[in-house]
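For what it's worth, our numbering labels the leading residue of the sequence shown as 31, then goes sequentially. Beneath this line is the structure, given in structure tokens, with notes to follow.
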Amino acid sequence: MQIHGHAAFGAKQQLMGFSYEPGELEPHDVEVRVEFCGICHSDIHLIDNDWAMSRYPFIPGHEIVGVVTGYGSAVSRLKIGQRVGIGWQAASCMECEWCMRGSENLCSASVATCIGRHGGYAERVRVDSRFAFPIPDGLDSASAAPLLCGGVTVYSPLRNFGVRSWSKVGIVGIGGLGHLAIKFARAFGCEVTAFSSRADKEEASHQLGAPHFVYSQDPDQIARAADSLDFVLTTPHTDLDWRAYLNILRPRGTLCTVGAPVSATLNFSPVFLLIKEKRICGSNTGGRATIEEMLAFAARHGIGATVEIMPMAYVNAALEKVRTGKARFRMVLKA
């Protein structure tokens, strides 16, 4: 039975209707009827071929919540009708050092949900069942969908790079990723400072849980923030003044980026890292155990994305809202 969806046929083109034949289910496969699919900015990078890895036509979408409709002969952990979520990763080798460590996202044989295959802007999707995660009962499907990529993308570095309840945390960018980062950091018990290039984001940042706000286009506000934070997480997909954010760190502080700016350059002297033992790093989603932990944490603390829902048929209009920065804060498509 064919699967119908909305596909990109070329870089920067609008999506159009597309159908494909998925073939027989492999032993570890699961088929999921899509109910909601979030729009991640990575989808736009793939549609536009910004990373020079897109193969057309393809159906984007990798923040999926839906219901199991079928599975292969080797699947025992899922059942028909169960609500599950699917994120950026659709499979890994499950045998290498990184998979054995629980860092499947670092596997050299990792398979992305919509690179070289078809994703969730469709009526159904297939992945390795070990990368389909049961959604806790306390989470709403629409607001949980962005957690499968955006949520774990910001949760993972908070969890893995030494952030504790007493940490002073900065979140740069108050958008699809940043608004979730604020929610998670506050649930960790951290004192949060939000940074934005838009002064009108201050009220929203306070509502999300950040008591402090810095307008990043004001040099005086940036200067006053110097030497004040233990951990700074940058979420924008545009270039930043990296040296300025390093200066904001306290001794042994960490600057971590989860945004994916295509043309950014880290042009600062290593002396800015050496003098006060600072570090800069990146974070790439998370392994299966981290995703399961993040979902459970979100359910306990009532964390979900702040979403605007549009019908799947209006996917191009929804994509345009993300492109133009008008989403508040995450666009989610309803099948």
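A virtual CB, placed ideally from N, CA and C, is assigned to each residue, including glycine. Remember, it's a predicted structure, so these values are computed and weren't measured experimentally.
Per DSSP, reduced to three states, the secondary structure at M361 is strand.
For the set R216, K364, Q247, I305, the Cα lying nearest the Cα of S235 is the one of R216. Under DSSP, L259 shares a beta bridge with L279.
Non-local beta-carbon contacts of F218 in its own chain, meaning distances under 7 Å to residues more than five positions away in sequence, involve L188, V193, S195 in chain order. Residues K364 of the same chain have their beta carbon placed closer than 6 Å to that of P341, with the five preceding and five following residues left out of the count. When P164, K213, D167 are compared, the shortest CA-CA separation from Y185 is found for K213.
Excluding residues up to 5 positions away in sequence, K213, F214, A217 lie with their Cβ nearer than 7 Å to the Cβ of I333 in the same chain.
With contacts defined by Cβ atoms closer than 8 Å, L259 and R280 form a contacting pair. Residue burial is scored here from C-beta neighbours: E61 has at least 16 other C-beta atoms within 10 angstroms and is therefore classed as buried.
The Cβ-Cβ distance between Y151 and P57 does not fall below 8 Å. Within a 10 Å sphere around the beta-carbon of M324 sit 16 or more other beta-carbons, which makes this residue buried.
If you compare the alpha carbons of R63, N190, E221 with that of I201, the shortest gap goes to E221.
Judged by DSSP secondary structure, F302 falls within the alpha helix (DSSP H) whose first and last residues are 301-304.
Boundaries of the alpha helix (DSSP H) harbouring R330: 318-331, taken from the DSSP string. The alpha carbon of S171 has as its nearest neighbour, out of M31, N314, G96, the alpha carbon of G96. The way I'd put it, the stretch 159-168 does touch the stretch 108-126; three or more beta-carbon pairs between them come closer than 8 Å. Rounded to the nearest angstrom, the gap between the Cα atoms of G283 and E233 is 27 Å. Here A38 is buried: its Cβ has 16 or more other Cβ atoms, across all protein chains shown, within 10 Å. In the DSSP assignment, K109 falls outside any beta strand (DSSP E) and carries neither an H nor an E. With respect to the C-alpha of A274, the residue from G289, D250, S140 having the closest C-alpha is D250. The beta carbon of A121 sits closer than 7 Å to the beta carbons of V141, V157, D158, F161 from its chain, once the five residues preceding and following it are set aside; these are given in chain order.
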